[in-house]
Structures are given as structure tokens and as C-alpha cells.
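Engineer:
In my numbering, the protein residues as written are 17 to 141.
(1) Relative to the C-alpha of residue 95, which candidate in 46, 82, 31, 64 has its C-alpha closest?
(2) May I have the straight-line CA-CA distance separating residue 60 from residue 31, to the nearest angstrom?
(3) From residue 52 to residue 82, what does the alpha carbon distance come to, in whole angstroms?
(4) Can you give me the Cβ contacts of residue 43 inside the same chain, cut-off strictly under 8 Å, excluding the 5 residues immediately before and after it?
(5) If I follow the unbroken alpha helix (DSSP H) through residue 49, where does it start and stop?
(6) Please classify residue 41 as buried or exposed, where buried requires at least 16 other C-beta atoms within 10 Å of its C-beta.
(7) Indicate the three-state DSSP secondary structure (helix, strand or coil) for residue 88 in the structure shown.
(8) What residues in its chain sit with their C-beta under 8 Å from that of residue 56, if we drop five residues either side in the sequence?
(9) Starting from the C-beta of residue 75, find all residues in its chain whose C-beta is less than 7 Å away, skip the five residues before and the five after it, and write them out in chain order.
(10) Look at residue 54 and residue 92 and say whether their C-beta atoms are less than 7 Å apart.
(11) Take the Cβ of residue 79 as the centre, count every other Cβ of all protein chains shown within 10 Å, and call the residue buried at 16 or more, exposed below.
(12) With distances taken from CA atoms, which of 34, 70, 58 is nearest residue 87?
Right, here's the structure in full:
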């Protein structure tokens, strides 16, 4: 949650998040609609498998109706979630405020001084 709020509470954050979220939402809706249309032939197949197994016509009918929707949700999530998560991670990285302080004049004057995070051992020359 903290990461999400940090994206939107900057001056340029909210418009950029909205500009990224709208095309991703359109992509998700389009992929979902397309996959559900391609999965419609599953209806009679699922209905013909469920009715003899359960003996219940209504359960078979609704299983047939829901089968393309379930396939659509699963395929859409598998296709769009990696793209969406990557896009928002890149946006977060671009909007992030650097937490390092600029080097002072004393730090740059002595080249032998090591940074606290630098590995021990001899320096490469």
C-alpha cells in the first residue's frame, strides 16, 4: 500500500498513474472479451459432460454458461498481470524520489575514502 500511495501523492504521480492505468484497463477488457468469445464453444461441451455426471440439468446449464467466463478470467490474468505489474514497477521507479544525498566537497577530495556499502578488499584500478 505504501508503494501505491507514493505513486499518487506526488505532483506528477496521479496523472501518470491515470495515463498508464486507462490503457491497461482497456487492454484487460479487450483481452477478456476476445478470450470469452473464443471460449464460447466450451458451453455445449461442458454442459454435455456435467449433466450425465451430476444428473442435474440446471447445474449443467450454468456450468456451461460460466465455463467461457472462467477461462476468460484465467487467460486474461495470465496475459495482462505481468505486463501491468511491470509497467507500474517502472512507473514507480521513475517517480521515486532519490534518497541519497549529494556528495560533499570533502568526499570527492579524498579518493581513498570508502563508501559504507562498498565491498572490502583492494580497489580495482
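All C-beta atoms, glycine included, are put in the ideal place defined by N, C-alpha and C. No experiment lies behind these values; they were computed from the predicted model shown.
Structural biologist: Taking the definition as stated:
(1) Position 79 of the chain shown holds residue 95. The candidate whose alpha carbon is nearest that of residue 95 is 46.
(2) Here residue 60 refers to the residue found at position 44 of the chain shown. Here residue 31 refers to the residue found at position 15 of the chain shown. In this structure, the alpha-carbon of residue 60 lies about 46 Å from that of residue 31.
(3) Along the chain shown, one-based indexing puts residue 52 at 36. Along the chain shown, one-based indexing puts residue 82 at 66. Per the coordinates, the alpha-carbon of residue 52 lies some 10 Å from the alpha-carbon of residue 82.
(4) The residue you call residue 43 lines up with position 27 of the chain shown. 96, 99, listed in sequence order.
(5) As a first step, residue 49 is located in the chain shown; it is residue number 33 there, counting from the start. Segment 29-55, the alpha helix (DSSP H) holding residue 49.
(6) If you number the chain shown from 1, residue 41 lands on position 25. By the beta-carbon neighbour count (other beta carbons within 10 angstroms, threshold 16), residue 41 is exposed.
(7) As a working mapping, residue 88 is identified with position 72 in the chain shown. For residue 88, the secondary structure class from DSSP, reduced to helix, strand or coil, is helix.
(8) Within the chain shown, residue 56 is the residue found at index 40, counting from 1. The beta carbon of residue 56 sits closer than 8 Å to the beta carbons of 84 from its chain, once the five residues preceding and following it are set aside; these are given in chain order.
(9) For the purposes of this step, residue 75 is identified with residue 59 of the chain shown, where counting begins at 1. By the criterion of a C-beta distance shorter than 7 Å, residue 75 is surrounded in its chain by 66, once the five residues flanking it on both sides are discounted.
(10) Residue numbering aside, residue 54 sits at position 38 when the chain shown is read from its first letter. Residue numbering aside, residue 92 sits at position 76 when the chain shown is read from its first letter. No, the Cβ-Cβ distance between residue 54 and residue 92 is not below 7 Å.
(11) The residue you call residue 79 lines up with position 63 of the chain shown. So residue 79 ends up on the buried side.
(12) Start at 1 with the first residue of the chain shown, and residue 87 comes out as number 71. Closest option to residue 87, Cα to Cα, is 58.
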